[in-house]
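Report on one structure; see the data block that follows.
Number of protein chains: 2
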Amino acid sequence: MSHTIGVRQAQKQKTRQALLDAGLRLLAEQSLSSLGLREVTRVVGVAPAAFYRHFRDIPDLGVALVEESLGSLHVVIRAILAEQPGAEERIDRTVAVVERYVRENPAHVRFIARERHGGVRAVRKAIAAELARFAAEVAAGLREQPVSDAWSDDDVLMLAEMYVDHLVMTASAILDAADDDDAAACDRIAERARRQLRLISLGRLHWTD
Amino acid sequence: MSHTIGVRQAQKQKTRQALLDAGLRLLAEQSLSSLGLREVTRVVGVAPAAFYRHFRDIPDLGVALVEESLGSLHVVIRAILAEQPGAEERIDRTVAVVERYVRENPAHVRFIARERHGGVRAVRKAIAAELARFAAEVAAGLREQPVSDAWSDDDVLMLAEMYVDHLVMTASAILDAADDDDAAACDRIAERARRQLRLISLGRLHWTD
DNA sequence: CGTGTCGGAGAACGGGTGTTTACTGAATGG
DNA sequence: CCATTCAGTAAACACCCGTTCTCCGACACG
């Protein structure tokens with residue numbers, strides 16, 4: 006085993022990735038439901054018919070993009086949950102990590118924010134399922150913090166879902182500001198996010214009354 | 006003055022509204038950036054060229070839909086802000102009003118949630134501007150509550166923006182559940198929203214420390 | 001080395017698209 | 001009452017679309 010995979014499969018995966026990249030690029034200025042198959046193959050420099058060797062149709066490419074986009078987010082979330090110090094430092098680090106992630110993966114963030122409520126059912130469901138997994142992961146992380154000792158599992162999940170939603174909204178807001186090259190707006194949004202997280206954190210501390 | 010407007014203008018506004026209605030209906034299963042001009046006129050039963058008597062292009066129809074959709078939301082927000090009783094009752098009433106609004110205006114809610122981060126810049130900006138106005142309105146309402154006495158204006162606005170975002174997210178989530186005819190999921194989401202609002206409310210009470 | 005596999009090319013198909021043009025006929029207003 | 005305005009029509013424009021088909025040629029493998 007562990008053969009170096011054939012030149013054949015390597016080339017195939019290469020054009021498949023090229024299709025995904027081209028799709029993601031084109032989705033910067035339109036929605037998935039208006040993305041054309043020919044449009045994608047044209048950017049890659051490949052015949053329209055070649056598309057079918059990799060995806061059944063455009064929605065199928067969409068769900069592949071969901072996996073690609075949210076796969077990289079897993080790393081971010083684990084990084085945030087692994088933070089050790091106090092609440093305030095944790096919040097600062099969290100927002101900093103999000104800011105950095107948005108700057109480094111703008112297209113993925115835009116795609117998720119756009120298609121989360123977009124016009125393609127299969128993609129919406131794929132995103133919802135993945136975000137639910139994230140929420141569960143965050144909930145598990147929250148469980149281990151002493152603050153959550155007296156909490157019910159339901160309430161911990163409720164809090165985790167709130168964090169995930171807030172994360173997506175914040176990332177999308179930073180991205181919108183970054184699109185306008187408005188660094189000041191970015192900072193303002195980050196500061197707002199920090200204060201919102203602080204507010205939630207305060208609510209957490211007094212939940213069990 | 007105060008002439009009853011001519012039969013001419015009345016008919017024009019009638020087909021204009023028909024175009025808006027048809028557009029909104031078609032947007033239930035696609036995004037604005039894939040909505041076709043001919044598609045809309047076909048539903049209305051009017052010649053494609055007639056479209057140009059009312060809108061410059063599809064994005065233009067989109068911003069008109071934004072005004073229509075968020076205009077009706079103004080009423081809802083005022084209703085929520087006018088609530089008198091304690092925090093708990095206010096939260097229950099708020100969520101109940103949102104549930105009712107979603108059930109009565111599903112297409113408008115879906116449109117806003119979908120196009121808020123959608124592929125048409127002009128529409129995104131129109132929605133953002135309108136939601137900013139809502140946030141300002143909510144902030145003004147919060148200011149008048151005794152709880153906000155020691156708060157800075159910036160912090161009140163931050164809280165208001167959080168409420169607005171939370172409202173949109175909740176409405177969209179309820180709608181998704183309603184689309185699947187899953188009444189149980191609707192109730193679960195409403196209950197989650199209530200608890201999240203309670204958490205925020207708790208944070209509010211202890212903000213000034 | 002020869003045979004089979006398969007990613008991609010190229011062309012053709014029917015059909016849909018946005019936009020412009022010249023027009024019709026009914027409401028309008030002096 | 002008659003000239004004007006103008007919402008809506010019908011046709012034509014050039015173009016883009018998804019999908020299918022046949023074919024090619026480089027890799028895979030016994």
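Protein sequence lines correspond, in order, to chains A and B. Under our numbering, the letters of the first sequence match residues 6 to 214, in that order. Under our numbering, the letters of the second sequence match residues 6 to 214, in that order. Note that the Cβ used here is the ideal one computed from N, Cα and C, for glycine as well. Just so it is clear, the structure is predicted and the values come from calculations on it, not from any experiment.
Interface flag, residue i vs chain B, CB-CB below 8 Å
i                : result
Leu25 of chain A : no
Met6 of chain A  : Any reading at Met6 of chain A needs caution, since the residue's pLDDT is 41, under 50, leaving its predicted position unreliable; the model's value is listed next. For Met6 of chain A, the answer is no, since every Cβ of chain B falls outside 8 Å of its Cβ.
Chain B contact residues for residue i, given Cβ-Cβ distances below 7 Å
i                 : result
Ile85 of chain A  : Per Cβ cutoff of 7 Å: no residues; Ile85 of chain A is ~19 Å from chain B at best.
Asp170 of chain A : Met174
Ser39 of chain A  : Ser36, Ser38, Ser39, Gly124
Partners in chain B for residue i, counting only beta-carbon separations shorter than 8 Å
i                 : result
Gly123 of chain A : Ser36, Arg119, Gly123
Ile205 of chain A : Leu204, Ile205, Gly208
Cross-chain neighbours of residue i in chain B, by beta carbon under 9 Å
i                 : result
Glu166 of chain A : Arg197, Gln201
Given residue i as reference, the closest of the options once Cα atoms are compared
i                 : options                                : result
Val125 of chain B : B:Leu78, B:Pro64, B:Val152, B:Arg105   : B:Pro64
Ala141 of chain A : A:Ala188, A:Glu166, A:Ala118, A:Ser153 : A:Glu166
Val161 of chain B : A:Ala137, A:Asp170, A:Arg197           : A:Arg197
Ala112 of chain B : B:Ala33, B:Ala188, B:Lys130            : B:Ala33
Ala115 of chain B : B:Tyr57, B:Gln16, B:His211, B:Leu37    : The sequence given here has Arg at residue 115 of chain B, not Ala. The option with the nearest alpha carbon to Arg115 of chain B is B:Leu37.
Arg105 of chain A : A:Arg43, A:Arg61, A:Ala176             : A:Ala176
Leu24 of chain B  : B:Ser153, B:Val48, B:Gln201, B:Ala189  : B:Val48
Ile82 of chain B  : B:Gly50, B:Arg138, B:Ala190            : B:Arg138
Ile132 of chain B : B:Val169, B:Phe56, B:Ile205, B:Leu164  : B:Val169
Ala69 of chain B  : B:Ile117, B:Pro53, B:Pro90             : B:Ile117
Ser206 of chain B : B:Gln14, B:Ile96, B:Ala183             : B:Ile96
Glu135 of chain B : B:Arg98, B:Val173, B:Gln201            : B:Val173
Arg129 of chain B : A:Thr46, A:Gln35, A:Val12, A:Glu94     : A:Gln35
Val100 of chain A : A:Asp154, A:Arg200, A:Ala52, A:Gly208  : A:Arg200
Leu29 of chain A  : A:Arg121, A:Leu40, A:Pro53             : A:Leu40
Val71 of chain B  : B:Asp158, B:Arg119, B:Asp181, B:His171 : B:Arg119
Tyr57 of chain A  : A:Val12, A:Thr20, A:Asp192, A:Asp26    : A:Thr20
Asp62 of chain B  : B:Asp159, B:Ala188, B:Thr46            : B:Thr46
Met163 of chain B : A:Glu73, A:Pro53, A:Arg193             : A:Arg193
Ala5 of chain B   : B:Gly67, B:Arg13, B:Gln14, B:Gln18     : Only positions 6 to 214 of chain B appear in this structure, which leaves residue 5 of chain B out of reach.
Arg209 of chain A : A:Ala178, A:Asp154, A:Ala27            : A:Asp154
Gly91 of chain A  : A:His171, A:Ala195, A:Gln14, A:Arg203  : A:Arg203
Trp156 of chain B : B:Val12, B:His211, B:Gln18             : B:His211
Contacts that residue i makes with chain A (C-beta to C-beta distance below 8 Å)
i                 : result
Asp160 of chain B : Arg200
His79 of chain B  : The premise fails here: His79 of chain B is roughly 22 Å from chain A at the closest Cβ pair, so nothing lies under 8 Å.
Ser177 of chain B : His122
Residue i at chain A interface by Cβ criterion, 8 Å
i                 : result
Trp212 of chain B : yes
Arg21 of chain B  : no
Neighbouring residues, chain A, relative to residue i (Cβ below 7 Å)
i                 : result
Ser153 of chain B : Simply none; closest approach about 13 Å.
Residue i Cβ short of 7 Å to the ligand NAP heavy atom set
i                : result
Gln89 of chain B : Ligands in the displayed structure: none, and consequently the ligand NAP is not present.
Are the segment 82-92 of chain A and the segment 135-149 of chain A touching by the rule of at least three beta carbon pairs closer than 8 Å?
yes
Restricting to runs no shorter than 4 residues, where is the alpha helix (DSSP H) found entirely within the segment 145-184 of chain A?
158-184
Check whether the segment 101-110 of chain A touches the segment 68-81 of chain A, counting contact only when three or more Cβ pairs, one atom from each stretch, lie closer than 8 Å.
yes
Start-end ranges of the alpha helix (DSSP H) lying completely within the segment 65-135 of chain B, minimum 4 residues:
92-109, 111-120
Any chance you could list the alpha helix (DSSP H) runs of at least 4 consecutive residues sitting entirely within the segment 27-61 of chain B, in chain order?
42-49
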